[in-house]
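What follows is a single structure, written as structure tokens, with notes after it.
Protein chains in written order, with UniProt numbering: chain A, 1 to 350; chain B, 1 to 350.
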């Protein structure tokens, strides 16, 4: 298993990325890396890590995509960058998946350009993991920002891709799919949601998922569904709102315990419990948005990811690569597209 | 000051509503009530509360709007209900504001029908308070679900109405307005958002607010803005996502402390701190979505509100009534509509 890693462009620079690679390598003897970025710097950083000895190929890249770069410029002039090079290793088949902490918009635009969309996919999507009370500990939400628009057919594709991701990434044999709306009654919401509701319900049997219908914002961390489907505008707002709320509660918690000597003492005693809590809501442990709907697997890690965050993203890339996720996803999408086409020709015929 | 209270239709029945009224009455000698619902039941409940003696008029209503009732049916056949009657007291001017824990959709439809939209308002909005790190402790978000659509002019109206609410409800003399989007760069988001961005920026000076531009989901509880403007679909998803996340973190926290004898002991010691935290994130204390853009002030309390929740909603109604909010809001909206019209005629003239 070879994972292609863009070592540049994250907020903490290549040292955090290499540290994350070392964590993954120490835990997982099967993993190898192609690392993209400045050769001298990377050689130095990798030489310091025993776990990485003999397990990394370095591909030199002069350029770095910054967080400020516009996606449109990058796709025209970015071919000398580490991000481009990291995607290239997936395109050629040298690596089974790519991981980058860089600029999301640029990574998506470049991945679209170089890997191209899977046949049958109109809009690719970014899927993220969301801490939940479900037994698997996470729900999947998509799209969280690949595209600000999605019509009913796109939402159906998201349901199929989300199913595939849940099966291969979270080992759920028959995932439950929900469609995000402002209420659970069938008459609620925008026209494209009502249409998507019918399309997804009709695809449930052949797609081997369970469709639970409309779900609300409060269900994102609930046990009502395993996969929540929405357009990239709404999904992005929901994702950032959830992150912001968790951060706020964390800050309030810290304030509450810092308030007096007595409560500081209590916090000290409570440390184990608080650490257990932190581990459950730690965004670093669910790090890794995945791009779905392309000819190749690309994982977007948080820009501010530290070694633990990068390692979580690499672990996700490895799990998916090992389950032959890419081919399974392609098959599922092709099948879904065919069944919609058939449905439409049947409709046209009657 | 007279507040009109719909005592029926909440999940906990009229006893919770009357208990909330008693809490408010005990704290606030200026407040009086018109209470709507079953006369016999309400007379009994009110007689038991000393604080309410001689301060309530009861308006008998036979019917109750349930959570399952469709708004469209209610506006046709609901004239015998306590909800209708509660709105009627605002329409006639007998009360300065109405409070109800009932069905949101029905309350909005009925309020629209009986109170009518303010001149210059195309879509009324529901505004909610959101716990934040700002000095005032809360941010305002609107629309959180009055309408699933909003065009650029509606979003401008929301900015003006939110400004008025922030000034009279939160005592912010020059509120900072942000427009919710998937990124802060000007080129991001849907077409109507770019247009609204220009309209709101142009209205800032005459509207006496500060416009901070696009904000993201993570800014809802942040100090970047005091008022966050969005369409009702996105706002509803964000509101419920935030509530769901806070609930999840609360459940995790409980789990974390329940894990061992030692942590139970720590939790006991930490109780004061945890209670302080709970008070800050307690949704009952920010209870009360307000309908903006009608000829009258209507406050929607959570369906599951208990006495504390109802009392918080009544307090908000009282604060707004006392500041002559309704007339100030009307003036602001009229002024905003005029300035947009002028802008458009200037544009048409050039």
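All C-beta atoms, glycine included, are put in the ideal place defined by N, C-alpha and C.
Next item on the list: Determine the DSSP secondary structure at residue 293 (chain B), reduced to helix, strand or coil.
Entry: coil
Check: Quick one: any contact between the stretch 138 to 149 of chain B and the stretch 306 to 316 of chain B, if contact means 3 or more CB pairs under 8 Å?
Finding: no
Next item on the list: Kindly indicate if chain B contains any beta-carbon less than 8 Å away from that of residue 251 (chain A).
Entry: Residue 251 (chain A) belongs to the set of residues whose beta carbon lies under 8 Å from a beta carbon in chain B.
Next item on the list: Mind checking the stretch 144 to 160 of chain B against chain A and listing, in chain order, the residues whose C-beta falls within less than 7 Å of any C-beta there?
Entry: 145 and 148
Next item on the list: Tell me residue 33 (chain A)'s beta-bridge partners as DSSP assigns them.
Entry: A:3 and A:56
Next item on the list: Determine the DSSP secondary structure at residue 182 (chain B), reduced to helix, strand or coil.
Entry: coil
Item checked: C-beta atoms of residue 353 (chain A) and residue 24 (chain A) nearer than 8 Å -> With chain A covering 1 to 350 only, the question about residue 353 (chain A) has no answer from this structure.
Checklist line | Where residue 234 (chain A) sits in the DSSP three-state scheme | finding: helix
Margin query: Under 8 Å: do the stretch 152 to 169 of chain A and the stretch 205 to 214 of chain A share three or more Cβ pairs, one atom per stretch?
Written below: By the C-beta criterion, the stretch 152 to 169 of chain A is judged to be in contact with the stretch 205 to 214 of chain A, since at least 3 inter-stretch pairs fall below 8 Å.
Item checked: Enclosing alpha helix (DSSP H) for residue 318 (chain A) [first to last residue] -> 307 to 322
Margin query: If we require 3 or more residues per run, which beta strand (DSSP E) segments fall completely within the stretch 122 to 186 of chain B?
Written below: Those beta strand (DSSP E) runs which fall completely within the stretch 122 to 186 of chain B and span 3+ residues are 125 to 131, 138 to 142 and 176 to 180.
Margin query: Using a 10 Å radius around the Cβ and a threshold of 16 neighbouring Cβ atoms, would you call residue 11 (chain A) buried or exposed?
Written below: It counts as exposed.
Next item on the list: Check the DSSP bridge columns for residue 215 (chain B) and list the partner residues they point to.
Entry: Its beta-bridge partners are B:180.
Notebook entry, point to check: Which runs of the beta strand (DSSP E), 3 residues or longer, sit entirely within the stretch 185 to 209 of chain A?
Noted result: none
Margin query: Can you check which of these residues, A:173, A:229, A:191 and A:183, is closest to residue 200 (chain A) by C-alpha distance?
Written below: A:229
Checklist line | For residue 20 (chain B), the three-state DSSP class (helix, strand or coil) | finding: helix
Next item on the list: Check whether the Cβ atoms of residue 221 (chain B) and residue 244 (chain A) sit closer than 8 Å, and answer yes or no.
Entry: Contact flag set, yes.
Checklist line | Counterpart residues of residue 300 (chain A) in DSSP-defined beta bridges | finding: A:100 and A:289
Next item on the list: Sort A:51, A:39, A:19 and A:14 by Cα distance to residue 28 (chain A) and report the nearest one.
Entry: A:51
Next item on the list: With DSSP collapsed to three states, give me the class of residue 120 (chain A).
Entry: coil
Note to self: When you compare the CB of residue 345 (chain A) with every CB in chain B, is at least one pair closer than 8 Å?
What the structure shows: Only weak support exists for where residue 345 (chain A) lies, its pLDDT of 46 falling under 50; the value from the coordinates is given anyway. No - not a single Cβ of chain B is within 8 Å of the one on residue 345 (chain A).
Next item on the list: List the whole-angstrom C-beta distance separating residue 91 (chain B) from residue 114 (chain B), where the pair is believed to meet the contact cut-off of C-beta under 8 Å.
Entry: 5 Å
Next item on the list: Report the rounded CA-to-CA distance for residue 103 (chain A) versus residue 316 (chain A), giving the unit in angstroms.
Entry: 19 Å
Next item on the list: Identify the continuous alpha helix (DSSP H) that holds residue 65 (chain A) and give its terminal residues.
Entry: Unbroken run through residue 65 (chain A): none, as it is neither H nor E.
Notebook entry, point to check: Using a Cβ cut-off of 7 Å, which residues of the stretch 164 to 195 of chain A contact any Cβ in chain B, in chain order?
Noted result: Of all residues in the stretch 164 to 195 of chain A, only 180, 182, 189 and 190 come within less than 7 Å of chain B when Cβ atoms are compared, listed by chain position.
Check: Roughly how many whole angstroms lie between the Cα atoms of residue 181 (chain A) and residue 192 (chain A)?
Finding: 11 Å
Next item on the list: Please say whether residue 97 (chain A) and residue 351 (chain A) have beta carbons closer to each other than 8 Å?
Entry: In the structure as shown, chain A begins at 1 and stops at 350. Residue 351 (chain A) is therefore absent and cannot be evaluated.
Next item on the list: Following the continuous alpha helix (DSSP H) through residue 83 (chain A), name the residue where it begins and the one where it ends.
Entry: 82 to 91
Checklist line | Residue span of the alpha helix (DSSP H) that contains residue 95 (chain A), given as start and end | finding: Unbroken run through residue 95 (chain A): none, as it is neither H nor E.
Notebook entry, point to check: When the cut-off is 8 Å and only beta carbons count, does residue 142 (chain B) lie next to chain A?
Noted result: no
Checklist line | Where residue 336 (chain B) sits in the DSSP three-state scheme | finding: helix
Margin query: Using the Cβ count rule (16 or more neighbours within 10 Å means buried), how would you classify residue 351 (chain B)?
Written below: The requested residue 351 (chain B) does not occur in the structure, where chain B is confined to residues 1 to 350.
Item checked: Rounded separation between residue 108 (chain B) and residue 225 (chain A) - CA only -> In a straight line, the C-alpha of residue 108 (chain B) is about 30 Å away from that of residue 225 (chain A).
Item checked: Per DSSP, cross-strand counterpart(s) of residue 249 (chain A) -> Partner(s): none; residue 249 (chain A) has no beta bridge.
Note to self: Would residue 99 (chain B) and residue 83 (chain B) be called neighbours here (beta carbons separated by less than 8 Å)?
What the structure shows: no
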